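Engineer:
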Amino acid sequence: MIDLAIAEFDRIVLILRDDFGFPFSDAFAGRMLDQWLDSEGYLYTGAHLRNLPWMIAYFGPTQSLFAQYVGRNAELDNAIREKVPAAVLTEKGQLAKGKTWFKLELQCMHHQATIDPDDGNLVETLKLRVQDFSRTNQAAQAPTVYQKQIAFEPDRFEALIHTPPERAKRNEKLLKLAQDVATKRGYR
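Here my numbering is used: the first residue of the sequence shown is 9, the next is one more, and so on.
1. Can Arg-58 and Leu-168 be called in contact, C-beta distance under 8 Å?
2. Could you check where the alpha helix (DSSP H) with Asp-34 kicks off and where it finishes?
3. Taking Cβ positions, are Phe-28 and Leu-103 nearer each other than 8 Å?
4. Among Ala-159, Leu-112 and Ile-123, whose alpha-carbon lies nearest the alpha-carbon of Asp-140?
5. Go through its chain and collect everything with a Cβ distance to Tyr-66's Cβ below 6 Å, but skip five positions before and after it.
6. Is it the case that the Cβ atoms of Leu-114 and Leu-73 are separated by a distance below 8 Å?
7. In chain order, what are the residue ranges of uninterrupted alpha helix (DSSP H) at least 4 long that sit wholly in the segment 125-186?
The structure is reproduced here in structure tokens:
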């Protein structure tokens, strides 16, 4: 599973950026992989090869959204503008420094696996949540700004993995980042 995460990291990030609704930075992605390796997320009983992208997100750390282009997700953009008046979003949708300090953080949580009663297929989800930590450091007290249920699409991941090399457009920068993170953690 570790080898697959490293070899397919660019595709994992592609899926997660699509599911999150905004193009989070490569550094943001690298922190998710680093935490997944550090916490040995590959040993989680609910982890398997077909849900790898979402397990990396699930085991990723709570991360600041500062400087991320969250405005590409219209619902998230609207929620931030409505619920966090101190937040500044640039014309391009990047969360930027304003006159007043604010702190928005994203976390993936509540992995659930159920069997669809109609067709017997495995259905997996997790919750993406953004909270406002501007006035507290306690997650239980931080207001939820936005949340979204993400349904896993393992066929999408599998299709990307099996794209013929001559048709595949790979992100070498993300692949190198994954190799560097894995090496730092003693996996390569």
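Where a beta carbon is used, it is the ideal one built from N, C-alpha and C, also for glycine. The structure presented is a predicted model; accordingly, all values stated were derived computationally and were not measured.
Structural biologist: Once the coordinates are examined:
1. Position 50 of the sequence shown, counting from 1, holds the residue named residue 58. Position 160 of the sequence shown, counting from 1, holds the residue named residue 168. No, these two residues do not count as a Cβ contact at 8 Å.
2. Counting from 1 along the sequence shown, the entry for residue 34 is found at position 26. Looking at the DSSP string, the run of the alpha helix (DSSP H) that includes Asp-34 is 34-46.
3. Reading the sequence shown from its first residue, position 20 is the one you call residue 28. Reading the sequence shown from its first residue, position 95 is the one you call residue 103. Result no, Cβ atoms of Phe-28 and Leu-103 do not sit closer than 8 Å.
4. What you label residue 140 is simply residue 132 of the sequence shown in a count that begins at 1. Per the Cα distances, Leu-112.
5. Stepping through the sequence shown from its first residue, residue 66 is reached at position 58. Once the five neighbours on either side are set aside, the close Cβ partners of Tyr-66 are Cys-116, His-119 and Leu-134.
6. The count along the sequence shown starts at 1 and reaches residue 114 at position 106. The count along the sequence shown starts at 1 and reaches residue 73 at position 65. A contact, by the Cβ cut-off of 8 Å.
7. 162-169
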